[in-house]
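Structure, as structure tokens:
There are 2 protein chains.
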Amino acid sequence: MPLLVMKFGGTSVATLDRIRRAAKRVGVEVAKGYDVIVIVSAMAGETNKLVGLVNETSPLFDAREYDSIVSSGENVTAGLMALTLQEMDVPARSWQGWQVPLRTTDTHAAARITEIPTDNINAKFAEGMQVAVVAGFQGIGPDGRVTTLGRGGSDTTAVAFAAAFGAERCDIYTDVDGVYTTDPRICDKARKLDKIAFEEMLELASLGAKVLQTRSVELAMRYNVKLRVLSSFEEQSDEAGTLVCDEEEIMELNVVSGVAYSRDEAKMTLISVADRPGIAAAIFGPLADAGVNVDMIVQNIAEEGRTDMTFSCPTDQVKRAEKAMMDAKSTGAINFNDIVADEGVAKISVVGIGMRSHAGVAAKMFKVLSDEGVNIKVITTSEIKISVLIDRKYMELAVQALHDAFELEKSA
Amino acid sequence: MPLLVMKFGGTSVATLDRIRRAAKRVGVEVAKGYDVIVIVSAMAGETNKLVGLVNETSPLFDAREYDSIVSSGENVTAGLMALTLQEMDVPARSWQGWQVPLRTTDTHAAARITEIPTDNINAKFAEGMQVAVVAGFQGIGPDGRVTTLGRGGSDTTAVAFAAAFGAERCDIYTDVDGVYTTDPRICDKARKLDKIAFEEMLELASLGAKVLQTRSVELAMRYNVKLRVLSSFEEQSDEAGTLVCDEEEIMELNVVSGVAYSRDEAKMTLISVADRPGIAAAIFGPLADAGVNVDMIVQNIAEEGRTDMTFSCPTDQVKRAEKAMMDAKSTGAINFNDIVADEGVAKISVVGIGMRSHAGVAAKMFKVLSDEGVNIKVITTSEIKISVLIDRKYMELAVQALHDAFELEKSA
Chain A
1 MPLLVMKFGG TSVATLDRIR RAAKRVGVEV AKGYDVIVIV SAMAGETNKL
51 VGLVNETSPL FDAREYDSIV SSGENVTAGL MALTLQEMDV PARSWQGWQV
101 PLRTTDTHAA ARITEIPTDN INAKFAEGMQ VAVVAGFQGI GPDGRVTTLG
151 RGGSDTTAVA FAAAFGAERC DIYTDVDGVY TTDPRICDKA RKLDKIAFEE
201 MLELASLGAK VLQTRSVELA MRYNVKLRVL SSFEEQSDEA GTLVCDEEEI
251 MELNVVSGVA YSRDEAKMTL ISVADRPGIA AAIFGPLADA GVNVDMIVQN
301 IAEEGRTDMT FSCPTDQVKR AEKAMMDAKS TGAINFNDIV ADEGVAKISV
351 VGIGMRSHAG VAAKMFKVLS DEGVNIKVIT TSEIKISVLI DRKYMELAVQ
401 ALHDAFELEK SA
Chain B
413 MPLLVMKFGG TSVATLDRIR RAAKRVGVEV AKGYDVIVIV SAMAGETNKL
463 VGLVNETSPL FDAREYDSIV SSGENVTAGL MALTLQEMDV PARSWQGWQV
513 PLRTTDTHAA ARITEIPTDN INAKFAEGMQ VAVVAGFQGI GPDGRVTTLG
563 RGGSDTTAVA FAAAFGAERC DIYTDVDGVY TTDPRICDKA RKLDKIAFEE
613 MLELASLGAK VLQTRSVELA MRYNVKLRVL SSFEEQSDEA GTLVCDEEEI
663 MELNVVSGVA YSRDEAKMTL ISVADRPGIA AAIFGPLADA GVNVDMIVQN
713 IAEEGRTDMT FSCPTDQVKR AEKAMMDAKS TGAINFNDIV ADEGVAKISV
763 VGIGMRSHAG VAAKMFKVLS DEGVNIKVIT TSEIKISVLI DRKYMELAVQ
813 ALHDAFELEK SA
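Order-wise, the sequence lines are chains A and B. By my numbering, the letter at position 94 of the first sequence is numbered 94, and the numbering carries on one by one without gaps. For my numbering, add 412 to where a residue sits in the second sequence, where the first one is 1.
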């Protein structure tokens, strides 16, 4: 029997009515003859509520307890989805992550999938079950404790299941009808893309376009999983949404495909670090160990053996980063005069595979921002994207100006 | 190391402040040198919310999905309690039921505990952990799916852990400061008992006094677990609350110890059942299979080979009971003209070990109710209790009148 993976995000399962609507979409595919694995997120707001309880209880929480707590929301949705399908006379049952078992590393709160055995679920398909509903975002670590894959991890769960079970396609149902040139909520000229290359999607995802979790796109690229993003709020044809695929499948590549932004960025600076070989490792090793996702890194020119080291990370990891740095200082592993956090910044990026063969994109981006009076704090670039940190108050303005300047409202 | 089991009910962990207060109580026992197993319920309201979602999704739900959904509330509390203890520098971690693993039968939504291996948790105590926080109410069935023990099951979890680990005592922290002669909310003369016999507590619990789940008392009696009920909202001495113990430990037994009531009762009648040997089994077998907790049963005198069969069950099981009966009728297993449910009844009971040696308690009870104009619909008796079903609107009146008549406000 051909198999589909269908993933429904938090807004798509936010209420019992929406779960019913999602279940009907699943029913349509079952009626076509598919076995379906449904991956569900927690009902919208539930995970935030649980994370809030954890943070209020213990700001520097034990991530093993965090995982055990926040994974509960997905279990609720999985059970409700299975019940809803049963009410529609579709044979279905739920699986919690440890029941599959979806095995992961022991990096709690940011675990990576190591194995998805298919035998348990396939045995049930063989018995006549038509839909396996799996709680997304969660797994079981080597020590038998619950792990989670990081925020947005249900996308990664979905793609990993699609790869493990050899699914024909992995459909990600969300609250938008595809991938846009930028966020339509802050730029009304934003245009939906019919197709986007894995590499571009990867940059957009990692840059804060919240349609897909970065790792899910990496995984889809690695296993060549046909990935589709589409809305759970509209009637859908087989060609709806945005297909994320190999660049070979896209006729005309854009120089710039999209403008992404990330609101919850913090810029941290270690003032007057003693500069010596190995100092970067001495700083970023402890940060990685503390689970801080460092993004951009800038090192100033050293003077008299001292330098300033600036990096960015999500705002909710600032306390963790500060603690890691103070601990490293107290052991003498590093030495600095002060640590300064600026939690009022945002990251803006332009992304496009065509950049590889077109010069001048960076220069144009900087000029546009300059014309708008936006000061650039940090710059990083890759082959297919340019990112800058700016004051958060200019974020919307910068996105709109760049979208206009690169004429993204026009189809390629 | 001596070991205590401490159980905190939903109202005792309803907010993060209350969890902190409960954790402090645990800290007091740890400071005395105890290892502690803490059993937690879901935060007050959470389980009801989840049960509501299930019922709205699927009135005749698949109990396996129900269990997977409603057990999530306890997992959240267990993690939060472990984090709170860690913040107090008490080494603690949480366990979900399947992690212990607390093994149960496969009777989903009303599973019975079959085994609690102690090795996992004892290994952590040996490593220096001082508190194991265990999610109450849940376990794992033979098929590897999550099971629950029925409403109030966390009490049973607590007593079962106390028995399995040979705990010195099992303290049940709740929102009342002990066991009362009746519910103080409906009778202001209600008096706290310092001690109550297991048998009496068993009748009170099964009759709707919601302080302890019936099965927890059965289990405590069987394994002679020293069981104490006390308030989590007051500073507590070692002699606080009510001790549930062997009747030998109580000097002066009361004729009547308490008046219990149960509000959510329904009276169901099968009209004109074909009367034949085995008819009771043919009716109550399917009801048991459907998970209906039948309580009182009355069979009228048969006329012309037909009889009426009346039984009571919780109001939320009426649909289930009706379906089981209609199914049994459709297969020809039983035959009746009609099924009538009266969801407007309540059960009132008087309980006391002294009844064994004192006659006239039933006669007095019936006279008190008659004097108040309360009509009795069904009567059942045991060695140490007398129960009646009456119209729910007379419930408070009946309890108060009986409490007065048996002078329960006076100490024995």
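Think of the CB as a built atom: it goes at the ideal place given N, C-alpha and C, for glycine as much as any other residue.
Here residue 4(A) carries a strand assignment [DSSP, helix/strand/coil].
Taken in chain order, the unbroken stretches of alpha helix (DSSP H) that lie wholly in the region 63–123 of chain A and span 4 residues or more are 63–70, 72–87. With contact defined as three or more Cβ pairs closer than 8 Å, the region 24–36 of chain A and the region 455–464 of chain B are not in contact. Taking C-beta atoms as the reference points, residue 180(A) and residue 189(A) fail to come closer than 7 Å. Excluding five sequence positions before and after residue 41(A), the CB atoms of its chain that fall closer than 6 Å to its own CB belong to 9, 10, 136, 154, given in chain order. Between residue 480(B) and residue 571(B), the C-beta spacing is not below 7 Å. The contact set of residue 75(A) on chain B, defined by CB atoms closer than 9 Å, consists of 480, 481, 483, 484, 487, 558 in chain order.
Between the alpha carbons of residue 93(A) and residue 250(A) lies a distance of about 38 Å. Just so you know, the alpha carbons of residue 212(A) and residue 639(B) end up roughly 52 Å apart.
Contact between the region 121–138 of chain A and the region 80–92 of chain A is present: 3 or more CB-CB pairs across the two stretches fall below 8 Å.
Listed in chain order, the non-local C-beta contacts of residue 764(B) below 7 Å within the same chain comprise 612, 666, 667, 668, 669, 796, local neighbours out to five positions each way being set aside. Beyond the five residues adjoining it in sequence on each side, residue 317(A) comes within less than 6 Å, by CB distance, of 292 in the same chain, given in chain order.
Residue 79(A) holds the alpha-carbon nearest to the alpha-carbon of residue 468(B) among 240(A), 79(A), 389(A), 355(A). Under the 7 Å criterion on CB atoms, residue 87(A) is classed as interfacial with respect to chain B. DSSP links residue 592(B) through a beta bridge to 604(B).
Listed along chain B are 556, 557, each with a C-beta nearer than 8 Å to that of residue 99(A). For the 7 Å CB-CB criterion, residue 562(B) and residue 522(B) form a contact. Residue 378(A) and residue 398(A) do not touch by the CB rule: their CB atoms are close to 14 Å apart, not below 8 Å.
Assignment of beta strand (DSSP E) within the region 128–163 of chain A, counting only whole runs of 3 or more residues, yields 131–135, 138–140, 146–148 in chain order. Look at residue 57(A) here: in three-state DSSP terms it is helix. Taking the Cα positions, residue 337(A) is about 14 Å away from residue 283(A). Proximity to residue 793(B) across 607(B), 494(B), 487(B), 615(B) peaks at 615(B), based on C-alpha coordinates. The continuous stretches of beta strand (DSSP E) do not include residue 439(B), which lies in the alpha helix (DSSP H) extending over residues 428–443. A straight-line Cα-Cα distance of about 10 Å links residue 732(B) and residue 701(B). In the DSSP assignment, no residue is bridged to residue 729(B).
Under a criterion of Cβ atoms nearer than 8 Å, the residues of chain A adjacent to residue 508(B) are, in order, 68, 146. Distance from the Cα of residue 62(A) is smallest, within the candidate group 84(A), 4(A), 112(A), 147(A), for 147(A).
Sixteen is the threshold: since fewer than 16 other Cβ atoms of the shown chains lie within 10 Å of the Cβ of residue 331(A), the residue is exposed.
Membership of residue 37(A) in the beta strand (DSSP E) is indicated by the continuous run 35–40. The alpha carbon of residue 659(B) has as its nearest neighbour, out of 482(B), 630(B), 608(B), the alpha carbon of 608(B).
Between residue 161(A) and the set 176(A), 121(A), 82(A), the nearest pair of CA atoms involves 121(A).
At least 7 Å separates the beta-carbon of residue 264(A) from that of residue 184(A). Residue 636(B) counts as exposed, since fewer than 16 other beta carbons sit within 10 angstroms of its beta carbon. Proximity of chain A to residue 470(B) at the Cβ level (cut-off 9 Å) is accounted for by 80, 83, 84, 86, 87, in chain order. Proximity of residue 102(A) to chain B, defined by a Cβ-Cβ separation below 7 Å, is not satisfied. Proximity of chain B to residue 16(A) at the Cβ level (cut-off 8 Å) is accounted for by 465, 468, 469, in chain order.
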